[in-house]
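Let me begin by presenting the structure, written as structure tokens, before commenting on it.
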Amino acid sequence: MKKIKFAAFAAILSAMLYTPMFCENTAEVWNQETEVYAERDLNNDGAADLKIEVAKGKGINVKIGDKAYEGLFQCSISDFNGDGKKEALLINLDKNADEVQFLLFGMEKEKMRLFSSWKKPLKGESLDISYILNSDINKNGIMEMIPIFKEKESGFINRWYILEVNGNKIKEVLGEGLQGYNIGELRITEDGRIMKKSVSYDAAGEAVSYTKAYFAIEDGKYSYKASEGPFKYYGISKEETDTLLKKISAEEGIPYEIISSIAYIESRGQQFVWGEPVVSFDGGIGIMQVTPINGSVTIQYTGETFGPEDIERIKTDAEFNIRVGAKILYDKWLSSFGGALPKVSDMNPDVLENWYFAVMAYNGYSKVNMPGSSWKGAYQERVFNNIEGFNKGYFTADKISAHGFDSDGLPARGKIYELGDKLSVRQTTGYELSAGDEAVIKVEGSKLRNSPNLSSDGVITRLAAGERLRILDDGGLSSGYRWYKVKLLDGETEGYIAGVLLKKIDLYNKFN
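Counting from 202, one number per residue, gives the positions in the sequence shown under the working numbering.
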């Protein structure tokens with residue numbers, strides 16, 4: 202991947218998926234990704250000394266006494282000076298985002314007051330939420346603060362500082378310029394070392410490897426300790442990802458609009474960040490954030506199981522990651538027919554609104570994903586907000602409530618959720634097959650049936666993967682599948698087969 206193309210994605214993913222590491226002395230941290238209203242008593246007198254509110258689109262608002270600070274970048278509470286008492290650190294960007302300011306507040310004579318401040322101009326740089334780290338790096342009992350400045354265009358780290366509170370004053374312990382070193386990431390390890398990750402490129406400007414270098418502060422001196430690597434740099438462009446999403450949506454029978462929006466919400470469409478597979482704090486992997494349970498992933502409707510040996514491939518193979526994610530989503534879709542989720546209207550898989558509860562279940566069929574449960578929006582709302590024309594009016598909290606709930610307080614499973622007639626948004630993947638088209642079987646042992654349904658006594662024969670056939674007619678919708686009447690090309694046998702088991706020949710030739 203070229204130097205500039207992935208930078209914005211990497212910065213976003215770092216903010217989404219990276220949890221700062223705190224060593225020994227811990228801190229409470231609120232950033233713009235946090236939804237909270239909190240009050241903190243810093244002197245244990247039972248009264249709130251500081252109030253924090255984070256609301257959608259409003260940044261961080263903090264009230265200290267009678268003074269309010271609005272639109273802050275970040276707020277942290279910890280014992281920053283090692284005196285056994287807690288202080289509050291407010292990090293603010295000015296309205297033009299060309300200067301960052303650190304404000305340290307603490308208790309004095311039972312009142313909160315401003316102890317100290319520190320500021321630096323931003324020179325064509327950005328300051329990332331995830332890259333304000335807090336750690337006692339030099340093991341002196343005082344919490345250091347580490348602001349890291351990144352070039353806006355490339356995403357590389359431009360400079361960084363270690364700040365320390367000494368005598369209630371913010372002091373600069375160390376600063377380092379890193380221009381031209383291609384440092385994509387800087388973190389504090391569990392043992393207190395500073396890790397820098399640098400990326401190497403070939404003559405064409407493609408990232409090919411990365412190296413980790415470790416530094417430490419000992420006896421007040423900053424020194425190099427060790428290196429690891431080089432490691433292979435994994436990368437995939439936005440265009441390559443989109444091609445895979447279109448291919449797999451066609452092959453797995455899932456609307457492209459839905460699978461591509463899920464990929465964006467889950468990972469911003471990224472399989473790798475700074476050369477390593479994206480793995481979230483809860484174990485979600487890659488583009489589709491596939492999350493193994495006890496070391497494996499099981500797809501119920503096909504009985505497929507992806508064991509420990511497949512997990513590494515889910516990390517390093519973007520196409521495999523998307524395909525497993527697509528199978529999980531289709532499994533959620535089919536679960537409506539087993540009573541595990543509500544059915545939506547006639548369950549025509551070409552109608553995007555009919556995927557509402559399947560998308561909800563992809564993240565978790567739980568109260569946290571009920572409409573109105575979060576200022577960020579429920580998971581499925583955020584997915585469908587990216588799809589132009591999706592009729593959100595059918596899925597308001599009031600309308601879902603009107604359909605009834607089960608004993609868990611969730612939309613009643615097994616019940617048909619009726620929609621109106623405003624269903625203009627349909628899939629545009631080229632997956633639909635028409636009479637005269639040729640297709641190939643993609644799943645070994647696929648069943649050719651004498652009628653378009655899942656009747657156990659209606660199986661004519663089982664077909665081998667790669668076997669070709671011709672589409673005779675549309676067999677309609679049944680049991681969550683779109684069916685086709687087909688004829689085998691190597692004989693006279695005719696029957697019905699589910700479209701999800703087929704690849705159109707032109708698609709097959711294009712992508713294989």
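Where a beta carbon is used, it is the ideal one built from N, C-alpha and C, also for glycine.
Buried or exposed by the 16-neighbour rule on C-beta atoms within 10 Å, applied to residue i
i: I494; result: exposed
i: E176; result: Because the chain here runs from 202 to 713, residue 176 falls outside it and cannot be looked at.
i: Q472; result: buried
i: M222; result: Bear in mind that the predicted position of M222 carries a pLDDT of just 30, short of 50, making it too unreliable to give a figure here.
i: P322; result: exposed
i: N341; result: exposed
i: L664; result: buried
i: S279; result: buried
i: P653; result: buried
i: G637; result: exposed
i: K484; result: With the sequence shown as reference, residue 484 is identified as Gly, and Lys is not the correct amino acid for it. Burial call: exposed.
i: F591; result: buried
i: F482; result: exposed
i: A527; result: buried
i: S424; result: exposed
i: L243; result: buried
i: P543; result: buried
i: N570; result: buried
i: R314; result: exposed
i: A603; result: exposed
i: Y411; result: buried
Any non-hydrogen atom of the ligand SAH within 7 angstroms of residue i CB
i: I363; result: Ligands displayed in this structure: none; no statement on the ligand SAH is therefore possible.
Reduced DSSP category for residue i - H, G, I as helix; E, B as strand; rest coil
i: F591; result: coil
i: T444; result: helix
i: L535; result: helix
i: I343; result: coil
i: A417; result: strand
i: D675; result: strand
i: P493; result: coil
i: F473; result: strand
i: G526; result: helix
i: I437; result: coil
i: G700; result: helix
i: T662; result: strand
i: R614; result: coil
i: S355; result: coil
i: E693; result: coil
i: T517; result: helix
i: P509; result: helix
i: Y402; result: strand
i: K324; result: coil
i: A239; result: strand
i: S317; result: strand
i: I601; result: helix
i: F432; result: strand
i: Y423; result: strand
Residue-level contact to chain C via CB, residue i, 8 angstroms cutoff
i: T444; result: In the displayed structure, chain C is absent; only one protein chain is listed.
Inter-residue CB distance, residue i and residue j (contact presumed, cutoff 8 angstroms)
i: L739; j: S546; result: Absent from the structure is residue 739, since the part of the chain shown begins at 202 and ends at 713.
i: D445; j: E520; result: A quick correction: the sequence has Leu, not Asp, at residue 445. 5 angstroms between Cβ atoms; contact.
i: K643; j: K704; result: 5 angstroms
i: I418; j: I338; result: 5 angstroms
Inset, instruction - Let me know the alpha helix (DSSP H) ranges lying completely inside the region 544-586, each 4 residues or longer, listed in chain order. - result: The DSSP assignment places 557-564, 580-586 as complete runs of the alpha helix (DSSP H) inside the region 544-586, in order along the chain (cut-off: 4 residues).
Legend entry - Inter-stretch contact (C-beta, 8 angstroms, three-pair minimum) for the region 580-593 and the region 451-462: Enough Cβ pairs lie closer than 8 angstroms, so yes.
Inset, instruction - Take every Cβ of the region 447-458, pair it with every Cβ of the region 684-704, and state whether three or more of those distances are shorter than 8 angstroms. - result: Yes, since at least three Cβ pairs between the region 447-458 and the region 684-704 fall closer than 8 angstroms, the two stretches touch.
Inset, instruction - Count the C-beta pairs between the region 531-538 and the region 424-442 that are closer than 8 angstroms, then say yes if the count reaches three, no if not. - result: No, because fewer than three Cβ pairs between the region 531-538 and the region 424-442 fall closer than 8 angstroms, the two stretches do not touch.
Inset, instruction - Give, in chain order, every unbroken run of the beta strand (DSSP E) that is at least 3 residues long and sits entirely within the region 241-271. - result: As summarised for the region 241-271, the continuous beta strand (DSSP E) elements at least 3 residues long and confined to that stretch are 251-256, 260-265, given in chain order.
Legend entry - Every unbroken beta strand (DSSP E) within the region 275-308, with a cutoff of 3 residues, ordered by chain: For the region 275-308, whole beta strand (DSSP E) runs of length 3 or above, ordered along the chain, are 275-279, 288-294.
Inset, instruction - Indicate whether the contact test is met: 3 or more Cβ pairs, each with one atom in the region 241-252 and one in the region 263-280, closer than 8 angstroms. - result: Yes: the two stretches touch, three or more of their Cβ pairs being nearer than 8 angstroms.
Legend entry - Segment contact flag, the region 389-400 with the region 306-325, C-beta cutoff 8 angstroms, min 3 pairs: By the Cβ rule, the region 389-400 does not count as touching the region 306-325, because fewer than three pairs are nearer than 8 angstroms.
Inset, instruction - For the region 374-382 and the region 403-410, state whether three or more C-beta atom pairs, one from each stretch, are separated by less than 8 angstroms. - result: At 8 angstroms Cβ cutoff, the stretches do not touch.
Inset, instruction - Determine contact between the region 294-313 and the region 361-376, defined as no fewer than three beta-carbon pairs at a distance below 8 angstroms. - result: Contact between the region 294-313 and the region 361-376 is present: three or more C-beta pairs spanning the two stretches fall below 8 angstroms.
Legend entry - Contact the region 553-573 vs the region 688-696: 3+ CB pairs below 8 angstroms: Under the three-pair Cβ rule at 8 angstroms, the region 553-573 does not count as touching the region 688-696.
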